[in-house]
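Read top to bottom, the protein sequences are chains L and X.
This note's numbering applies: residue 278 is where the first sequence begins, and numbers increase by one.
This note's numbering applies: residue 278 is where the second sequence begins, and numbers increase by one.
For each residue, glycine too, the CB sits at the ideal point set by N, CA and C.
Structure, as structure tokens:
There are 2 protein chains.
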Amino acid sequence: MTVPQRRRAADASRPTLRDVAQHAQVSPMTVSRALREDAGVSAATRARVLDAVASLGYRPNEAARSLRLGRSDGLIGLVVTNLANPFYSQLALGLEAALADKGMRVMLGNTGEDPARERQLVHDFASRRLDGVVVVPASHDHRHLAPEALGGMPVVLAASPPVRIEVDAVLLDDFGGTWEATRQLIDSGHHRIAFLGLPAATWTGSERYRGYCAALEEAGIPIDERYSAYRQRDVATAERSTTRLLELPQPPTAIFAANNRNTIGAYRAIRARGADVTLAGFDDFELADLLGLPLRVVGYDPGELGREAARLLIDRIAAAARGQASRPQRVVIPTRIVEYG
Amino acid sequence: MTVPQRRRAADASRPTLRDVAQHAQVSPMTVSRALREDAGVSAATRARVLDAVASLGYRPNEAARSLRLGRSDGLIGLVVTNLANPFYSQLALGLEAALADKGMRVMLGNTGEDPARERQLVHDFASRRLDGVVVVPASHDHRHLAPEALGGMPVVLAASPPVRIEVDAVLLDDFGGTWEATRQLIDSGHHRIAFLGLPAATWTGSERYRGYCAALEEAGIPIDERYSAYRQRDVATAERSTTRLLELPQPPTAIFAANNRNTIGAYRAIRARGADVTLAGFDDFELADLLGLPLRVVGYDPGELGREAARLLIDRIAAAARGQASRPQRVVIPTRIVEYG
DNA sequence: CTGTTAGCGCCTTCAG
DNA sequence: CTGAAGGCGCTAACAG
Numbered sequence: 278m279t280v281p282q283r284r285r286a287a288d289a290s291r292p293t294l295r296d297v298a299q300h301a302q303v304s305p306m307t308v309s310r311a312l313r314e315d316a317g318v319s320a321a322t323r324a325r326v327l328d329a330v331a332s333l334g335y336r337p338n339e340a341a342r343s344l345r346l347g348r349s350d351g352l353i354g355l356v357v358t359n360l361a362n363p364f365y366s367q368l369a370l371g372l373e374a375a376l377a378d379k380g381m382r383v384m385l386g387n388t389g390e391d392p393a394r395e396r397q398l399v400h401d402f403a404s405r406r407l408d409g410v411v412v413v414p415a416s417h418d419h420r421h422l423a424p425e426a427l428g429g430m431p432v433v434l435a436a437s438p439p440v441r442i443e444v445d446a447v448l449l450d451d452f453g454g455t456w457e458a459t460r461q462l463i464d465s466g467h468h469r470i471a472f473l474g475l476p477a478a479t480w481t482g483s484e485r486y487r488g489y490c491a492a493l494e495e496a497g498i499p500i501d502e503r504y505s506a507y508r509q510r511d512v513a514t515a516e517r518s519t520t521r522l523l524e525l526p527q528p529p530t531a532i533f534a535a536n537n538r539n540t541i542g543a544y545r546a547i548r549a550r551g552a553d554v555t556l557a558g559f560d561d562f563e564l565a566d567l568l569g570l571p572l573r574v575v576g577y578d579p580g581e582l583g584r585e586a587a588r589l590l591i592d593r594i595a596a597a598a599r600g601q602a603s604r605p606q607r608v609v610i611p612t613r614i615v616e617y618g
Numbered sequence: 278m279t280v281p282q283r284r285r286a287a288d289a290s291r292p293t294l295r296d297v298a299q300h301a302q303v304s305p306m307t308v309s310r311a312l313r314e315d316a317g318v319s320a321a322t323r324a325r326v327l328d329a330v331a332s333l334g335y336r337p338n339e340a341a342r343s344l345r346l347g348r349s350d351g352l353i354g355l356v357v358t359n360l361a362n363p364f365y366s367q368l369a370l371g372l373e374a375a376l377a378d379k380g381m382r383v384m385l386g387n388t389g390e391d392p393a394r395e396r397q398l399v400h401d402f403a404s405r406r407l408d409g410v411v412v413v414p415a416s417h418d419h420r421h422l423a424p425e426a427l428g429g430m431p432v433v434l435a436a437s438p439p440v441r442i443e444v445d446a447v448l449l450d451d452f453g454g455t456w457e458a459t460r461q462l463i464d465s466g467h468h469r470i471a472f473l474g475l476p477a478a479t480w481t482g483s484e485r486y487r488g489y490c491a492a493l494e495e496a497g498i499p500i501d502e503r504y505s506a507y508r509q510r511d512v513a514t515a516e517r518s519t520t521r522l523l524e525l526p527q528p529p530t531a532i533f534a535a536n537n538r539n540t541i542g543a544y545r546a547i548r549a550r551g552a553d554v555t556l557a558g559f560d561d562f563e564l565a566d567l568l569g570l571p572l573r574v575v576g577y578d579p580g581e582l583g584r585e586a587a588r589l590l591i592d593r594i595a596a597a598a599r600g601q602a603s604r605p606q607r608v609v610i611p612t613r614i615v616e617y618g
């Protein structure tokens, strides 16, 4: 029978609570308490402990802590569809900042719009016992995102409301922002307004289309399908769709683009043809003011989405820890119209 | 004496390996082996195990695994200065993608250019026993980033080479890219070329300035300090600095901007004054082609930085696991000149 | 091929 | 105010 070694050899591994205890001539328990400021440790002892911690360069092992506590220590997952999109990276930054304030961290996952990958990621996050997860869903049916399916891990959706599950969500005022911008186009005398849309199956896509339709309807302008049949996600496709719109016998005099990809694609097409069309779109973006074309965008603070998601998640986690279950909340981030050019 | 309860009550906690073992009528060890495809489990047993896993919805507890193995399971830290900058978010995306391929994950940290926060983040990551960390340093002295100071956690620097420590690094061809772009400005007949720089204490700032100086020197053009004394990080400051340059008695006929913030700031100033100045800069950016001004940029693939960092780190981690220590590597991502307008 | 033993580092519970 | 015991879920090292 071999003697089990207390430490896995003299490798570069960090000192443990035991080492600190030995160094400070106290029991491990006392060190643990001293470090967590658990009332009931004399000032003198605490000082000795902190001294030992400093001189050994001790840092607690989060894995052990997690295991013992049954939860990760302040780790939140973030699942987005495309981090290269400034919208999501700013959301990530807002989330990171809000959590870092509370000593928490973000674990990152990118789905590339693939629902299978989304499912895989949240399950992995659940395995890792993260305290919670913020998801910008790529899927339409969210049942795999239910906390009950994830070992009780709280979930907050961002940019899209829950479907077939009940969880908190942070949303943009997709409908209202689009409605307002469209109304302003109408007010400036436009009647033939085209809509350059996102895939209709997406929440943002359909809400923004709804806002557009509502504004037209309200003004008594019939919705002409020829002006709204194009649904695309990337700049190149948006550009082609716009070109087709501009080639109609009676081209639109204004275009509302459902997001920054579409706005930029539309801009490229308009500029390439030197067309006389007024452009408006959802999402503000850098350099929007320098395009040399009157442009009206629906702006908002993407970081705020992240910060609000953090808030909802932290509240939810705290409630769960107390065994409380409250009704899912829904927060809407306001939008504002910004005019350029 | 109380009976210690095996499970912490009937809460929403996930089934454990033991539960699976019981369900499959085998020992926990067998389940462990079956799941990790550790050779030496009969096909029949494995099938029973997998069955039990499926019916219980079992997922391994990563915290326990980490604790037992003394390392986190495929977790890499990423510390950047500003995730809102597309450069870093694309780097993050490249890293995430490269790691996800190997079942690994990224933990995110944003320093906001604050060295104190950088130090805090890497130490926290070390506490969490991450397998390694990629850092875009905000600090100038990197001793706090030495693996020896971090419990042996491997470190890879990005965008900036190590100072006072020896670790792997992924760099851009800051010098070469700038040199080439400046040379091209000279070749097109420019003599009074201004340099709109980053803080001189930064690696990228000084390397790019060096490239600019080298090109001028090579062409026999003396370096005129009045054309290169401005060093700034954000668009607004760059715009003001450019305006000052344009107001010189003998304004420059061309400007090289050290990064996309400076290029955009310069563009704003040039456009506001309707100045006749040729613009070039480091970093490609969206809409660069639509500014309606001839523009030459030093382009490269930011995602490649992340992917290369992943590669270096994975190699380093594997080597460390084998107890090998090889010389630090340095990878340089090539740049290319892109012309617009 | 499968099971037993022991312990990773920490914290909850109970004794002193 | 401090210490001892024990176990969170998993797996390396030994039996059988």
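Inset, instruction - Show which residues of chain X have a CB atom less than 7 Å away from the CB atom of L:VAL308. - result: Counting from one through the first sequence, the residue named residue 308 of chain L turns up at place 31. None at all; the shortest Cβ gap to chain X is about 15 Å.
Legend entry - Cβ-based contacts, 7 Å cut-off: residues of the region 331-345 of chain X near chain L: ARG336, PRO337, ASN338, GLU339, ALA340, ALA341, SER343 and LEU344
Legend entry - X:LEU249 versus L:ARG508: straight-line alpha-carbon distance, rounded: Because chain X spans 278 through 618 in this model, residue 249 of chain X falls outside it and cannot be assessed.
Inset, instruction - Along the alpha helix (DSSP H) that carries L:THR520, what are the first and last residues, could you check? - result: Taking the first sequence and counting its residues from 1, the one referred to as residue 520 of chain L is at position 243. From DSSP, the alpha helix (DSSP H) with L:THR520 extends over 512-523.
Inset, instruction - Output, in sequence order along the chain, the residues in the region 530-555 of chain X whose CB is closer than 8 Å to any CB in chain L. - result: ILE541, TYR544, ARG545 and ARG548
Inset, instruction - Work out the CA separation of L:GLY386 and L:GLY542 for me, nearest whole Å. - result: For this step, residue 542 of chain L is matched to residue 265 along the first sequence. For this step, residue 386 of chain L is matched to residue 109 along the first sequence. Cα to Cα, L:GLY542 sits roughly 28 Å from L:GLY386.
Legend entry - Best match in L:ASP350, L:ILE353 and L:ALA369 for proximity to X:ASN359 [C-alpha to C-alpha]: Here residue 359 of chain X refers to the residue found at position 82 when the second sequence is read from its first residue. Considering only alpha carbons, the answer is L:ALA369.
Inset, instruction - Determine the contact status of L:ILE532 and L:ILE594, defining contact as a CB-CB distance below 9 Å. - result: Locating residue 532 of chain L in the first sequence gives position 255, counting from the first residue. Locating residue 594 of chain L in the first sequence gives position 317, counting from the first residue. Contact flag unset, no.
Legend entry - Proximity winner among L:ILE463, L:LEU462 and L:ASP418, relative to L:ARG441 (alpha-carbon distances): As a position in the first sequence, residue 441 of chain L is number 164, starting the count at 1. Looking at the Cα atoms, L:ASP418 is the closest of the given residues.
Legend entry - Alpha-carbon to alpha-carbon, L:THR481 and X:LEU473: Within the second sequence, the letter at position 196 stands for residue 473 of chain X. Within the first sequence, the letter at position 204 stands for residue 481 of chain L. Between X:LEU473 and L:THR481, the C-alpha separation is close to 41 Å.
Inset, instruction - Could you tell me if X:GLU585 is buried or exposed, where buried requires 16 or more neighbouring beta carbons within 10 angstroms of its beta carbon? - result: Position 308 of the second sequence, counted from the start, is the residue given in the question as residue 585 of chain X. The residue is buried, with at least 16 neighbouring Cβ atoms inside 10 Å.
Legend entry - Expected contact under 8 Å - CB spacing of L:ARG396 and L:HIS421 to nearest Å: Numbered from its first residue, the first sequence carries residue 396 of chain L at position 119. Numbered from its first residue, the first sequence carries residue 421 of chain L at position 144. Contact holds; Cβ gap of about 5 Å.
Inset, instruction - Ignore the nearest five residues each way along the sequence and tell me which others in L:SER483's own chain have a CB closer than 7 Å to its CB. - result: Locating residue 483 of chain L in the first sequence gives position 206, where the first residue counts as 1. The answer, listed in chain order, is ALA477.
Legend entry - Presumed contact (8 Å Cβ cut-off) between L:ASP450 and L:VAL615, rounded CB distance: Position 173 of the first sequence, counting from 1, holds the residue named residue 450 of chain L. Position 338 of the first sequence, counting from 1, holds the residue named residue 615 of chain L. With a Cβ gap of about 14 Å, L:ASP450 and L:VAL615 do not count as contacting.
Inset, instruction - Assign X:GLU516 to one of two classes, buried (16 or more other C-beta atoms within 10 Å of its C-beta) or exposed (fewer than that). - result: Here the question's residue 516 of chain X lines up with position 239 in the second sequence. Buried: at least 16 other Cβ atoms inside 10 Å.
Inset, instruction - Would you kindly work out how many angstroms separate the C-alpha atoms of L:TYR504 and L:PRO431, rounded to a whole number? - result: Position 227 of the first sequence, counted from the first residue, corresponds to residue 504 of chain L. Position 154 of the first sequence, counted from the first residue, corresponds to residue 431 of chain L. Each residue's Cα considered, the two are about 42 Å apart.
Legend entry - CA-to-CA distance, L:ILE498 to L:GLY354, given in whole angstroms: On the first sequence, residue 354 of chain L is found 77 positions in, with the first residue counted as 1. On the first sequence, residue 498 of chain L is found 221 positions in, with the first residue counted as 1. Distance between the alpha carbons of L:GLY354 and L:ILE498 is about 45 Å.
Legend entry - Endpoints, the alpha helix (DSSP H) within which L:PHE562 is located: As a working note, residue 562 of chain L is residue 285 in the first sequence. Element bounds for L:PHE562: n/a, residue is neither H nor E.
Legend entry - Integer Cβ distance of L:LEU434 from L:VAL412, believed to fall under 8 Å: Counted from its first residue, the first sequence places residue 434 of chain L at position 157. Counted from its first residue, the first sequence places residue 412 of chain L at position 135. Rounded, the Cβ-Cβ distance is 6 Å, consistent with contact.
Legend entry - Straight-line gap, L:THR530 to L:ARG545 (C-alpha atoms, nearest Å): Counting from 1 along the first sequence, the entry for residue 530 of chain L is found at position 253. Counting from 1 along the first sequence, the entry for residue 545 of chain L is found at position 268. For L:THR530 and L:ARG545, the distance between alpha carbons rounds to 16 Å.
Inset, instruction - Taking all protein chains shown into account, decide if L:MET306 is buried (16 or more other Cβ within 10 angstroms of its Cβ) or exposed. - result: On the first sequence, residue 306 of chain L is found 29 positions in, with the first residue counted as 1. The residue in question, L:MET306, is exposed, as its Cβ has fewer than 16 Cβ neighbours within 10 Å.
Legend entry - Proximity to L:THR479 [Cα-Cα], best of L:SER416, L:VAL512, L:TYR335 and L:ALA491: In the first sequence, counting from the first residue as 1, residue 479 of chain L sits at position 202. Comparing Cα positions, the closest option is L:SER416.
Legend entry - Three-way DSSP call (helix, strand, coil) for X:ILE442 in this model: Within the second sequence, residue 442 of chain X is the residue found at index 165, counting from 1. DSSP places X:ILE442 in coil when its eight states are reduced to three.
Legend entry - Beta-carbon proximity of X:GLU457 to X:ALA423, cut-off 9 Å: Taking the first residue of the second sequence as 1, we reach residue 457 of chain X at position 180. Taking the first residue of the second sequence as 1, we reach residue 423 of chain X at position 146. No, they are not a contact pair.
Legend entry - Cutoff 6 Å; reference X:ALA311; Cβ partners in own chain excluding five residues on either side: If you number the second sequence from 1, residue 311 of chain X lands on position 34. VAL318, ARG323 and VAL326, listed in sequence order.
Inset, instruction - Would you verify that the beta carbon of X:GLU563 is, or is not, closer than 9 Å to some beta carbon of chain L? - result: Numbered from its first residue, the second sequence carries residue 563 of chain X at position 286. Yes, X:GLU563 counts as interfacial toward chain L.
Legend entry - For X:GLY488 and X:THR459, believed in contact at Cβ under 8 Å, the rounded distance: Within the second sequence, the letter at position 182 stands for residue 459 of chain X. Within the second sequence, the letter at position 211 stands for residue 488 of chain X. Indeed they touch by this definition, with Cβ atoms about 7 Å apart.
Inset, instruction - Check X:GLU616 in the structure and name its three-state DSSP category. - result: Residue 616 of chain X sits at position 339 when you count from the first residue of the second sequence. Three-state result, X:GLU616: strand.
Inset, instruction - Taking only the alpha-carbon atoms, compute the straight-line gap between L:LEU294 and X:ALA596 and give it to the nearest angstrom. - result: Along the first sequence, read from residue 1 onward, the residue named residue 294 of chain L stands at position 17. Along the second sequence, read from residue 1 onward, the residue named residue 596 of chain X stands at position 319. Computed Cα separation, rounded: 28 Å.
Legend entry - Residues near L:THR279 by beta carbon distance below 7 Å, same chain, minus five either side: Reading the first sequence from its first residue, position 2 is the one you call residue 279 of chain L. For L:THR279, the predicted structure reports a pLDDT of 33, less than 50, and the residue's modelled location is therefore unreliable. The matter cannot be settled from this model.
Inset, instruction - Would you tell me roughly how many angstroms separate the C-alpha atoms of X:GLU563 and L:LEU568, rounded to the nearest one? - result: Looking up residue 563 of chain X in the second sequence gives position 286. Looking up residue 568 of chain L in the first sequence gives position 291. So the two alpha carbons sit approximately 12 Å from each other.
Legend entry - Residues near X:ARG348 in its chain [Cβ-Cβ closer than 7 Å; skip 5 each side]: Looking up residue 348 of chain X in the second sequence gives position 71. Excluding sequence neighbours, X:ARG348 sits near ARG406 and ASP408.
Legend entry - Selected residue, minimal CA-CA separation from X:ALA496, among X:ALA535, X:HIS468 and X:PRO528: Residue mapping note: residue 496 of chain X aligns to position 219 of the second sequence, counting from 1. Of the listed residues, the one whose Cα sits closest to X:ALA496 is X:HIS468.
Legend entry - Contact set for X:ARG510: own chain, Cβ-Cβ below 7 Å, skip 5 residues either direction: Numbered from its first residue, the second sequence carries residue 510 of chain X at position 233. Only LEU475, PRO476 and ARG538 meet the Cβ criterion.
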